[in-house]
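With the numbering used here applied, the sequence shown covers 900 to 1076.
Inspection log for the structure reproduced underneath, given as structure tokens.
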Amino acid sequence: AERVQQIIGKIGENIVLSRWEVLNCSEKGYCFSYIHPPGKIGVLVEVEAPQDGLADNPEFREFARDIAMHIAATAPTCVRREEVPQDVLDQERELYRKQALNEGKPEKVVDKIVEGRIQKFYAEVVLLEQPFAKNPDQKVSEYVKQNAAKFGEGLSVKRFLRWKLGEKAEAAAQQEG
């Protein structure tokens, strides 16, 4: 709170913090930040690597920046498939099932259609399943694996935070409305 007051005094704007989080990196983790111009989207990402001292390596920093920029651009909700909540998957499956049946698809192929659409859903919301923004022919997981050759096996994206200016205020307004 004191730091916010200092910033308000310095820039002369009233700042209201609607949320905040702390990203404490693991022992082998490196935290990187990225603010997407013009400052409306911010990303914090934790990358875990087996080697020490990578934070000062320009290639490693570029790798982490690429991941953070990708997150800013594509807005995934989680890093891995396993992190998608089961209730969300159940809702998606039910929605896709209803859509397929409403489209007049035969019952015997509906399950295959649903699974195909679930795979597309994963590619939208799971970071490692997404086509990499800088090279859409490559998944993010393949980009990580490619860089593991440089920085050591065990290189992984552990977690991230992605915030958009006004996002929480909009969500609160929708809930109240």
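Beta carbons: idealized from backbone N, C-alpha and C, even for Gly.
Since we're looking at a predicted model, the values are computed, not measured.
Where the beta strand (DSSP E) containing D1104 begins and where it ends:
This structure cannot speak to residue 1104, because the chain is shown only from 900 to 1076.
Please state the DSSP three-state secondary structure of L1060.
In this structure, L1060 counts as strand in the three-state DSSP scheme.
Just to confirm, is the Cβ distance from Y929 to E912 under 9 Å?
When the beta-carbon positions are compared, Y929 and E912 stay at least 9 Å from each other.
Could you say which of P936, K997, S932, E947 lies nearest to G1053 if we only look at CA atoms?
Of P936, K997, S932, E947, the residue nearest in Cα terms is E947.
Beta-carbon within less than 6 Å of A999's beta-carbon, same chain only, minus the 5 sequence neighbours each way: which residues are those?
Around A999, the same chain offers V1009, I1012 as residues with beta carbons nearer than 6 Å, after the five sequence neighbours per side are excluded.
Got a sec? Which residues, its chain only, sit under 6 Å from A954 by beta carbon, not counting five neighbours each side?
In chain order, Y929 place their CB closer than 6 Å to the CB of A954, counting only its own chain and leaving out the 5 sequence neighbours on each side.
If you pair each beta-carbon of the stretch 952-968 with each one of the stretch 988-1002, do three or more pairs fall below 8 Å?
Because the criterion of three Cβ pairs below 8 Å is not met, the stretch 952-968 and the stretch 988-1002 do not touch.
What does Y933 pair with, by DSSP beta-bridge criteria?
Note: Y933 sits in a beta bridge opposite V942.
Which whole runs of the beta strand (DSSP E) in the stretch 965-1040 are 3 residues long or more, in chain order?
Positions of the beta strand (DSSP E) runs, each at least 3 residues long and wholly inside the stretch 965-1040, are given as 1034-1038 in order along the chain.
Just to check my reading of the structure: L1026 and V983 have Cβ atoms closer than 8 Å, yes? What is that Cβ distance to the nearest angstrom?
Contact between L1026 and V983 does not hold, since the beta-carbon distance rounds to 11 Å and is not under 8 Å.
Pairs of beta-carbons, one from the stretch 934-945 and one from the stretch 1028-1044, closer than 8 Å: are there three or more?
No: fewer than three Cβ pairs fall under 8 Å.
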